[in-house]
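Participant:
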Amino acid sequence: MFILKNKCLLFQTLPVHGFLETETEMDPTAESQVSPVVTQKVEERKKIIDGQYKCFEKMNRDQPYNKSGPYCNRTWDGWLCWDDTPAGTYTSQNCPNYFPDFDSTEKVTKYCDETGNWFRHPETNRTWSNYTLCIAHTKDKLKMAYILYYMAIVGHALSIVSLLISLAIFFYFRSLCCQRITLHKNLFCSYVLNSAFTIINLITVVNNPKVVQRNPVKVFHITHLKNIDQNTCLLRSLIFPPLQIGCKVLHFFHMYMLGCNYFWMLCEGIYLHTLIVVAVFAEEQHLHWYYLLGWGFPLVPASIHAVARKKYFDDNCWMSVDTHLLYVVHGPIMAALLVNLFFLLNIVRVLVTKLRDTHRAESNMYMKAVRATLILVPLLGIQFVIFPWRPENRLAGEIYDYIMHILMNYQGLLVATIFCFFNGEVSRLNNILIIHKGIFHSNCGIIYYGSLFLSRNEK
């Protein structure tokens, strides 16, 4: 998340018909049944009126056209503002964000002909701007949104399962009870909780059209799913009532657990740095400081963000990413990643230069632990670096979206795999357990070694 100005999928999927229809008077008793649609139309009109007002202000403020030759006068076409344009040229700008179906990453074009007049549509004989690209790929992007939505749910579900299995392994093998494994357990718990809050948010908030309709167009990378069918929209609104306070509390815990993920990763780096560089392979450390950093410190930026969001940018369910207030949470996370990377590089330097001829066995063991953490840091932090630079090309942007969703939603699975399933100590204990089970089965006349079965006589 960086500032998580995720530009992927800036689109929604409610129908585009009836943009400027006149509202009819409605029975107040029916408000609960039609308010989602009415509210959306009101918001659309507010945006258009605001855009028109800003356009007229801009036209009055800008200097007169001072270039030679014919040109088309600055104008407001009903949705967008157009500057003075030289004759015989096209001008373009991004699609407006008034309507759910409009993709604001696409372009609107307007042609100024050779005589200095704006192009007129041959059928209506009215000046015409080309908005067709704004909804040209809506169906494809809707399909992609659903794919990414279910990828997120599956990714976090797999993460929870793999992390719970890893925790069971760590608790089952008592010989694994050491400080480093204790840090692993806390890291895994933070990822389990974060994935759980994310799934709850996806199901109850993101997939709730009544909640999402009232939000700004640009929302966080997963939160672009809307429902095309208005009847289904109303039905789901009754099933999942948009509890403003509840979804904001959920967002607070999501931000808090996100911070916990990265600060427990920092705890892993600090522990290894203290163990190898500072204390030279000393075994015991005071873990209460790690608990304070991993579980306590993330409360500070999460709380500050919640208070600031409520006061300065209190959008519906705090789903919008069009605010610099997100730096309150993402800034400390980026700092933790940089500090962790520094610690790990320093550890590698010490292991390579000072432990080449001594403590070879220990050096090899610690190097494996460092290598696992060193792999995870760039993998878990890469989205903070490359998220602001989503490619503008549609195909490249889709590839980018898939890669980023895999990196972000399968983090728990990645952490469990590297820190547990590929852990040498766990593998060794697992092999011992298999051998013990084989000895137990040998009493029944069979010995089991891996995939090899031997009868008692063959032994």
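Per this note's numbering: the sequence shown = residues 140 to 598.
The beta-carbon is built from N, C-alpha and C at its ideal position, and this holds for glycine as well.
For clarity, every value in this text was computed on a predicted model and none was experimentally measured.
1. Do LEU411 and TYR304 have their beta-carbon atoms positioned less than 7 angstroms apart in this structure?
2. Does DSSP classify GLN232 as helix, strand or coil?
3. For PHE392 and GLY408, I'd like the C-alpha separation in whole angstroms.
4. Can you tell which of ASN269, THR228, ASN256 has its C-alpha closest to the C-alpha of PHE241?
5. Quick one: what's ASN346 bridged to in DSSP?
6. With a 10 Å radius around its C-beta and 16 neighbouring C-beta atoms as the bar for buried, classify VAL107 as buried or exposed.
7. In the stretch 203-287, which residue ranges form an unbroken beta strand (DSSP E) of at least 3 residues, counting only runs that do not cross its ends?
8. Could you work out which residue in LEU414, ILE443, HIS463, LEU483 is closest to LEU405 when comparing CA atoms only?
9. Considering only their Cβ atoms, is the gap separating VAL416 from VAL331 smaller than 7 angstroms?
10. Please report the straight-line C-alpha distance between VAL181 and ILE188, rounded to a whole angstrom.
11. What is the DSSP secondary structure of ARG448, reduced to helix, strand or coil?
12. When the Cα atoms are used, what is the spatial distance from SER376 to LEU552?
13. Using a Cβ-Cβ cutoff of less than 7 angstroms, which residues in the same chain neighbour MET198 once the five nearest sequence positions on both sides are dropped?
14. Could you pull out every residue in the same chain whose Cβ sits closer than 7 angstroms to the Cβ of GLY255, ignoring the five residues on either side in sequence?
15. Do VAL460 and PRO440 have their C-beta atoms closer together than 7 angstroms?
16. I'd like to know if the stretch 553-562 and the stretch 315-334 are in contact, where contact means that at least 3 CB-CB pairs between them fall below 8 angstroms.
17. On the criterion of 16 or more Cβ atoms from any shown chain inside 10 Å, does ALA307 qualify as buried, or is it exposed?
18. Would you mind sorting GLN550 into buried or exposed? The rule is 16 or more other CB atoms within 10 Å of its CB.
19. How should THR271 be labelled, buried or exposed, when 16 other C-beta atoms within 10 angstroms of its C-beta is the threshold for buried?
20. From this set, LYS193, LEU534, PHE258, TYR429, which residue's C-alpha is nearest LYS280's C-alpha?
21. Under DSSP, the alpha helix (DSSP H) around ARG319 begins and ends at which residues?
22. When the Cα atoms are used, what is the spatial distance from TYR229 to TRP257?
23. Label HIS323 either buried or exposed according to how many other C-beta atoms from any shown protein chain fall within 10 Å of its C-beta, with 16 as the threshold for buried.
24. Do you know offhand how far LEU426's Cα is from TYR541's?
25. Quick one: Cα of LYS185 to Cα of ASN532, how far?
26. So, using beta-carbon positions, are PHE402 and GLY433 closer together than 7 angstroms?
27. Take the Cβ of TRP218 as the centre, count every other Cβ of all protein chains shown within 10 Å, and call the residue buried at 16 or more, exposed below.
28. CA-CA distance, ILE384 and CYS399?
29. For the putative contact between SER334 and HIS295, defined by C-beta atoms under 8 angstroms, what is the C-beta separation to the nearest angstrom?
30. Which residue's Cα is closest to the Cα of THR321: VAL478, GLU262, GLN424?
31. Taking just the CA atoms, how far does CYS386 sit from TYR288?
32. For ARG200, does the three-state DSSP call read helix, strand or coil?
33. Between LYS193 and the rest of its own chain, which residues show a CB-CB distance below 6 angstroms, the 5 nearest in sequence each way excluded?
34. Suppose the cutoff is 6 angstroms on Cβ atoms and the five residues either side in sequence are ignored; what does the same chain contact list for THR337 look like?
35. I need the straight-line Cα distance from ARG529 to LYS206, nearest angstrom please.
Facilitator: The structure says:
1. Residue numbering aside, residue 304 sits at position 165 when the sequence shown is read from its first letter. Residue numbering aside, residue 411 sits at position 272 when the sequence shown is read from its first letter. The residue you asked about is not Tyr; residue 304 is Ile in the sequence shown. No, the Cβ-Cβ distance between ILE304 and LEU411 is not below 7 angstroms.
2. Sequence index remark: in the sequence shown, residue 232 carries index 93 (1-based). Look at GLN232 here: in three-state DSSP terms it is strand.
3. Taking the first residue of the sequence shown as 1, we reach residue 392 at position 253. Taking the first residue of the sequence shown as 1, we reach residue 408 at position 269. Linking PHE392 to GLY408 through their CA atoms gives a straight-line distance of about 24 angstroms.
4. Position 102 of the sequence shown, counted from the first residue, corresponds to residue 241. Of the candidates ASN269, THR228, ASN256, the one whose C-alpha sits nearest the C-alpha of PHE241 is ASN269.
5. Position 207 of the sequence shown holds residue 346. Paired residue(s): none; ASN346 is not in a bridge.
6. Nothing about residue 107 can be reported from this structure: the residues present for the chain run from 140 to 598 only.
7. Counting only runs of 3 or more, we get 228-233, 246-251.
8. Counting from one through the sequence shown, the residue named residue 405 turns up at place 266. When each option's Cα is compared against that of LEU405, the closest is LEU483.
9. The count along the sequence shown starts at 1 and reaches residue 331 at position 192. The count along the sequence shown starts at 1 and reaches residue 416 at position 277. Against a cut-off of 7 angstroms, the Cβ pair of VAL416 and VAL331 comes out as no contact.
10. Residue 181 sits at position 42 when you count from the first residue of the sequence shown. Residue 188 sits at position 49 when you count from the first residue of the sequence shown. Annotation: VAL181 to ILE188 spans about 11 angstroms, alpha carbon to alpha carbon.
11. Numbered from its first residue, the sequence shown carries residue 448 at position 309. Correct three-state label for ARG448: helix.
12. Position 237 of the sequence shown, counted from the first residue, corresponds to residue 376. Position 413 of the sequence shown, counted from the first residue, corresponds to residue 552. Summary for SER376: the model assigns pLDDT 36, below 50, so the residue's position carries little reliability; its value from the coordinates is reported in the next sentence. Pairing SER376 with LEU552, the inter-Cα distance amounts to about 33 angstroms.
13. Locating residue 198 in the sequence shown gives position 59, where the first residue counts as 1. ARG213.
14. Position 116 of the sequence shown holds residue 255. Closer than 7 angstroms at the Cβ level, and outside the excluded window around GLY255, lie PRO209, TYR210, CYS211, ALA226.
15. By 1-based counting over the sequence shown, the position of residue 460 is 321. By 1-based counting over the sequence shown, the position of residue 440 is 301. No, these two residues do not count as a Cβ contact at 7 angstroms.
16. With three or more CB-CB distances shorter than 8 angstroms, the stretch 553-562 counts as touching the stretch 315-334.
17. Counting from one through the sequence shown, the residue named residue 307 turns up at place 168. Taking all protein chains shown into account, ALA307 has fewer than 16 neighbouring C-beta atoms within 10 Å of its C-beta and is therefore exposed.
18. Mapped onto the sequence shown, residue 550 falls at position 411. Buried is the call here.
19. Sequence index remark: in the sequence shown, residue 271 carries index 132 (1-based). With fewer than 16 Cβ atoms within 10 Å of its Cβ, THR271 is classed as exposed.
20. On the sequence shown, position 141 is the one that residue 280 refers to. Answer by Cα proximity: LEU534.
21. Your numbering for residue 319 matches position 180 in the sequence shown. 318-340 is the span of the alpha helix (DSSP H), which, as asked, contains ARG319.
22. Residue numbering aside, residue 229 sits at position 90 when the sequence shown is read from its first letter. Residue numbering aside, residue 257 sits at position 118 when the sequence shown is read from its first letter. Distance between the alpha carbons of TYR229 and TRP257 is about 10 angstroms.
23. Here residue 323 corresponds to residue number 184 of the sequence shown, with the count starting at 1. HIS323 should be labelled buried.
24. Indexing the sequence shown from 1 puts residue 426 at position 287. Indexing the sequence shown from 1 puts residue 541 at position 402. Taking C-alpha positions only, LEU426 is separated from TYR541 by approximately 38 angstroms.
25. As a first step, residue 185 must be located in the sequence shown, where it is residue number 46. As a first step, residue 532 must be located in the sequence shown, where it is residue number 393. The C-alpha of LYS185 lies about 31 angstroms from the C-alpha of ASN532.
26. The residue you call residue 402 lines up with position 263 of the sequence shown. The residue you call residue 433 lines up with position 294 of the sequence shown. The Cβ atoms of PHE402 and GLY433 sit closer than 7 angstroms to each other.
27. Reading the sequence shown from its first residue, position 79 is the one you call residue 218. In the assembly as shown, TRP218 is a buried residue. Its beta-carbon has 16 or more other beta-carbons within 10 Å.
28. Along the sequence shown, one-based indexing puts residue 384 at 245. Along the sequence shown, one-based indexing puts residue 399 at 260. So the two alpha carbons sit approximately 23 angstroms from each other.
29. Residue numbering aside, residue 334 sits at position 195 when the sequence shown is read from its first letter. Residue numbering aside, residue 295 sits at position 156 when the sequence shown is read from its first letter. The pair is a contact, with the Cβ atoms about 4 angstroms apart (cut-off 8 angstroms).
30. Residue mapping note: residue 321 aligns to position 182 of the sequence shown, counting from 1. Measuring from the Cα of THR321, the nearest candidate turns out to be GLN424.
31. Position 149 of the sequence shown holds residue 288. Position 247 of the sequence shown holds residue 386. If you draw a straight line from the Cα of TYR288 to the Cα of CYS386, it is about 18 angstroms long.
32. Counted from its first residue, the sequence shown places residue 200 at position 61. The answer is helix: DSSP assigns ARG200 an H, G or I state.
33. Translated into positions along the sequence shown, residue 193 becomes position 54. No residues qualify anywhere along the chain.
34. To locate residue 337, count along the sequence shown from 1; it is residue 198. HIS295.
35. Numbered from 1 along the sequence shown, position 390 holds the residue referred to as residue 529. Numbered from 1 along the sequence shown, position 67 holds the residue referred to as residue 206. Taking the straight line joining both Cα atoms gives about 36 angstroms.
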